[in-house]
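Peer 1: Read top to bottom, the protein sequences are chains A and B. Here the working numbering is used: position 294 in the first sequence is 294, and no number is missing along the way. Here the working numbering runs 536 ahead of the position in the second sequence, where the first position is 1. In this text, a Cβ means the ideal position worked out from N, Cα and C, and glycines have one as well. Small disclaimer: the values here were computed from a predicted structure and weren't measured.
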Amino acid sequence: MTPPIVQCRAVSYRYPGQLAALADIDVEIQEGDFVLLGGASGSGKSTLCRLLNGLIPHLHGGELTGDLRVAGHAISSTPPHVMSSSVGLLLQRAEAHVVATTVGRDIAWGLAAHGLTRITIEQRVRDVAHLLDLTHLLQRAPHTLSGGELQRVVLAGVLALQPRLLVLDEPFAFLDAPAAAQLRAILSELHRTGMTIIVAEHRLEQVVATATRMVLLHAGRIVADAAPRAVLTHELSQWGLEMPPLVQLARTARLDAVPLTIEEAVAAGIELPPTQATVAVGPTPPIVEWDDVWFARDTAPILRGLNLASTAGTTVALLGANGAGKTTVLQHANGLLRPQRGTVRVMRRAVGRRPVAELARDVGLVMQQPARMLVAPTVREELALGPRFLRHNDPAWSDTIIERFQLRELLDRVPQRLSAGEQRRVALAAILVSRPRALLLDEPTVGQDAAGRRALHEQIAACVADDTAVLLATHDTEWAFTLPARWAVLVDGQIVADAQPSIVCRQADVLARAHLGLPAAEALRQCMATMEGRHA
Amino acid sequence: MLDVGVYKGSDAFDPRSKALVYVLGSTMVLLATHRLEFLALAVVQSNLLLVLQLGGRWLALVRTILPTLALFCVVTWLSAGGGAALSATLRLLMVITAGLLFFATTPPEELGDALVASGLSPQVAFLFEGTVRFVPTLGRLVHEVREALVSRGLRFDGLYLLRNGPLLLAPVLISALHFADDLAEALEARGFGSPHRTPLRDYRFQLRDWLLMATTSVLALMCWFIFQ
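(1) Determine the direct distance from the alpha carbon of LEU524 (chain A) to that of VAL258 (chain A), and round the result to whole angstroms.
(2) Do you know how far the Cα of VAL708 (chain B) is from the Cα of VAL125 (chain A)?
(3) Does the distance from the CB of ALA427 (chain A) to the CB of LEU483 (chain A) come in under 8 Å?
(4) According to the neighbour-count rule (16 or more other Cβ atoms, all chains shown, within 10 Å of its Cβ), is ILE198 (chain A) buried or exposed?
(5) Distance check for MET564 (chain B) and ARG203 (chain A), CA to CA, integer angstroms please.
(6) Show which residues of chain B have a CB atom less than 7 Å away from the CB atom of PRO79 (chain A).
(7) On a CA-only basis, which of A:THR102, A:LEU319, A:THR196 and A:VAL356 is nearest ALA572 (chain A)? Give me that one, please.
(8) Return the chain-ordered list of same chain residues with a C-beta closer than 8 Å to the C-beta of GLN659 (chain B), the five sequence neighbours on each side being excluded.
(9) What are the start and end residues of each continuous alpha helix (DSSP H) run of 4 or more residues lying completely inside the region 1-76 of chain A, in chain order?
(10) CA-CA distance, GLU382 (chain A) and LEU407 (chain A)?
(11) Run down chain B in chain order and give the residues with a C-beta less than 7 Å from the C-beta of GLY365 (chain A).
(12) With a threshold of 8 Å between beta carbons, is ARG599 (chain B) in contact with chain A?
(13) Which stretch, first to last residue, makes up the alpha helix (DSSP H) that contains SER623 (chain B)?
(14) Do THR135 (chain A) and ALA129 (chain A) come within 8 Å of each other at the CB atom, strictly closer than that value?
(15) Indicate whether at least one CB of chain A lies closer than 8 Å to the CB of ARG699 (chain B).
(16) Given that SER84 (chain A) touches chain B, what residues does it touch there, using C-beta distances under 7 Å?
(17) Checking contacts by CB at 8 Å: is SER711 (chain B) closer than that to chain A?
(18) For GLN151 (chain A), which residues in the same chain have their Cβ closer than 6 Å to its Cβ, ignoring the five residues on either side in sequence?
(19) Quick check: what's the CA-CA separation for GLN416 (chain A) versus ALA461 (chain A)?
(20) Which bits of chain A does PRO707 (chain B) rub up against, with CB to CB less than 9 Å?
(21) Below 7 Å on C-beta distance, what does PRO643 (chain B) contact in chain A?
(22) Suppose contacts are defined by Cβ-Cβ distances below 8 Å. Is GLY54 (chain A) in contact with MET83 (chain A) by that definition?
(23) For a test of the three-state rule: what should DSSP assign to LEU490 (chain A), helix, strand or coil?
(24) Rounding to the nearest angstrom, what Cα-Cα distance links GLY17 (chain A) and ASP394 (chain A) in this structure?
(25) Taking Cβ positions only, does ASP718 (chain B) come closer than 8 Å to chain A?
(26) Do three or more CB pairs link the region 100-115 of chain A to the region 732-747 of chain B at distances below 8 Å?
(27) What do you get for MET758 (chain B), buried or exposed, if any count of 16 or more other CB atoms within 10 angstroms of its CB means buried?
(28) Anything in chain B within Cβ reach of VAL356 (chain A), meaning under 7 Å, just list it in chain order.
(29) I'd like to know whether the C-beta of HIS218 (chain A) is nearer than 8 Å to at least one C-beta of chain B.
(30) One question on the structure: do LEU59 (chain A) and GLU721 (chain B) come within less than 8 Å of each other, judged by their Cβ atoms?
(31) Is the Cβ-Cβ distance between VAL346 (chain A) and ALA333 (chain A) less than 8 Å?
(32) Tell me the DSSP bridge mates of ALA469 (chain A)?
(33) Are PHE574 (chain B) and LEU626 (chain B) closer than 8 Å when you measure CB to CB?
(34) Strictly below 9 Å CB to CB, what residues from chain B border ASN393 (chain A)?
(35) Which value, in whole angstroms, describes the spacing of the CA atoms of VAL208 (chain A) and GLN507 (chain A)?
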């Protein structure tokens with residue numbers, strides 16, 4: 001019998017000067033397994049991924065105890081560059097992997113670093129480019145690619161080394177629906193050819209149907225290890241995880257079935273809840289209006305006559321594929337970008353050449369990476385910064401925000417040293433403390449686990465209750481579907497649908513053009529309706 | 537900001553000869569003392585920009601760095617007088633232009649490969665390669681941080697840059713450190729520590745490389761003797 005590709009016995013690890021990140025990990029992974037490594041933020045998933053190819057402890061230092069062997073190598077004595085030909089690791093941020101200026105050279109980079117001959121390098125680049133449908137992109141500069149293409153380029157660079165074990169750390173975080181589906185298909189194909197795959201992910205629905213085994217981590221310990229269906233019979237919220245939507249629907253319908261695919265959900269006979277209630281939109285005043293806005297970058301058109309309005313006390317989810325121009329729309333609202341044609345109005349006044357600093361009084365923008373917004377030495381000073389520059393100081397409101405975002409115990413901490421979730425909370429509070437009339441959120445759910453996504457839900461609801469206009473750009477339809485929001489779908493620089501989610505979800509062509517996935521409940525509803533139609 | 541991935545005439549010369557010419561050219565700019573010397577160097581640079589069709593990118597770069605150049609000029613003016621300020625600002629602009637001419641015609645990985653072919657270890661060669669490769673990335677990072685802070689009501693235009701400029705430092709430095717961490721992980725995960733690296737091309741000095749270096753050296757010596 002072949003020995004397991006991963007043998008992990010009583011492994012514990014702590015980063016230098018920190019508490020234990022992993023404790024008493026005992027796990028064996030067989031050649032050919034497809035493992036979904038689940039866990040909330042901070043559960044130890046990324047640490048375990050980095051341990052499997054030796055980045056930990058060789059690059060990060062820290063204290064590693066126990067016995068860990070991967071692909072026959074003892075991790076504690078094998079450096080990462082040796083491990084890299086046996087274990088391929090794909091990190092969460094694809095752009096960090098890109099080291100060369102063309103796709104072809106980037107795929108070849110690892111092979112060249114291993115000292116392979118030019119003939120071998122050329123052959124492997126060609127093979128892997130063909131496998132991942134990248135042949136036509138070999139001469140392109142990586143920074144000109146879409147998120148999905150870039151992800152495939154990075155994967156190609158890893159696969160070119162022909163590893164036995166492929167480890168992916170939250171690979172779906174930045175992908176839109178078609179790119180995620182393509183990555184799932186690639187992983188299935190690689191698994192079919194015998195490769196061992198480990199995918200670390202907190203959004204279990206992304207790969208649960210493909211995985212053969214599910215290992216859950218919580219606070220650095222393994223809390224479940226079995227076939228996915230068996231693990232999903234547990235209550236996952238105790239470990240900070242959300243059930244895959246279809247399983248949640250089955251539970252709501254009090255069924256014992258654990259459906260992982262739409263077909264299984266239909267077969268299980270899930271009784272769906274009524275369609276999402278229509279959001280009542282009263283005659284609220286518009287806060288930000290985009291009126292026939294055109295914008296091009298380097299002659300490439302991004303917005304082409306875009307019309308949209310964000311009104312007080314409502315939420316609009318601006319949906320679209322990666323690279324569709326969602327951020328561009330947001331940046332027009334606070335003046336970071338100016339329309340080349342058309343008008344943007346804030347509080348019924350044209351933006352014109354008004355400085356961003358002036359617009360910031362009415363329009364607050366929280367960027368995708370909140371750490372870039374944090375400058376002060378303490379959270380307290382961070383919260384005071386905006387009101388000071390915008391001359392809008394209201395101590396009572398600041399206190400309300402501190403309470404609402406539960407920041408009291410963080411006030412004297414250094415913002416840049418907080419966890420990603422805490423940083424997002426502080427950044428959002430730092431914007432809201434200036435009491436803008438419109439709040440713009442750019443991809444707020446990226447990298448957020450279940451708790452973070454729930455908290456975001458509550459924060460948005462509180463803003464709406466304060467009569468703030470909320471506009472959030474996202475490609476996460478599953479989450480957006482849970483919001484009482486209007487959906488505006490951006491395709492080819494125009495809003496092609498602007499309506500209630502249930503109405504937009506029935507427009508299959510719009511969703512396809514926008515590269516959006518259907519939320520599970522709607523997908524199931526439509527599948528059942530189609531079947532009923534056939535029977536009738 | 538430099539436009540990565542678009543390299544004009546990158547095959548014409550060996551990256552090493554271009555690097556040597558770049559160092560020599562920058563040294564000449566820094567040591568120049570006479571107006572005619574500046575003029576001669578400016579003429580050479582403008583001709584190269586025209587021949588290599590880099591005028592548009594040069595203008596875009598100057599537009600981006602104009603506030604910084606202006607601030608530099610004002611500060612130098614206040615501390616050393618008008619003549620010194622103009623001379624120092626012009627010098628800075630010309631060194632930056634020399635950088636553009638080099639970086640825009642040399643893919644970083646070719647520079648790295650050429651250095652490996654010269655006998656440098658892959659790790660040391662990557663120090664040079666990485667410096668060239670990630671300058672634009674860091675430029676983008678600064679731009680993003682600036683946008684994030686402007687969105688919060690901070691101003692960096694004109695003299696505001698003097699007052700608020702230091703606020704950029706913390707997020708830029710921390711983001712740069714995070715980026716460096718991510719990059720280090722990605723490099724190690726792809727085999728960076730390996731002692732052997734295969735250059736993807738053969739690099740040999742050809743007659744034109746020797747001619748390029750000889751011409752530049754002669755020009756440098758002429759400038760030195762005429763103007764000193």
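Peer 2: By the coordinates alone:
(1) 14 Å
(2) 35 Å
(3) no
(4) buried
(5) 58 Å
(6) GLY729
(7) Residue 572 (chain A) lies beyond the stretch modelled for chain A, which goes from 1 to 536, so this question has no answer here.
(8) PHE728 and GLY729
(9) 45-52 and 55-58
(10) 12 Å
(11) Correcting the residue identity first, residue 365 (chain A) is Leu in this sequence and not Gly. Those within 7 Å of LEU365 (chain A) in chain B are SER687.
(12) no
(13) 618-639
(14) yes
(15) no
(16) ALA725, ARG726 and GLY727
(17) yes
(18) ALA94
(19) 27 Å
(20) ALA371, ARG372, MET373, LEU374, VAL375 and GLN416
(21) THR101
(22) yes
(23) strand
(24) 40 Å
(25) yes
(26) yes
(27) exposed
(28) VAL686 and SER687
(29) no
(30) yes
(31) yes
(32) A:ALA438
(33) yes
(34) Neighbours of ASN393 (chain A) on chain B: none; closest Cβ ~12 Å, over 9 Å.
(35) 27 Å
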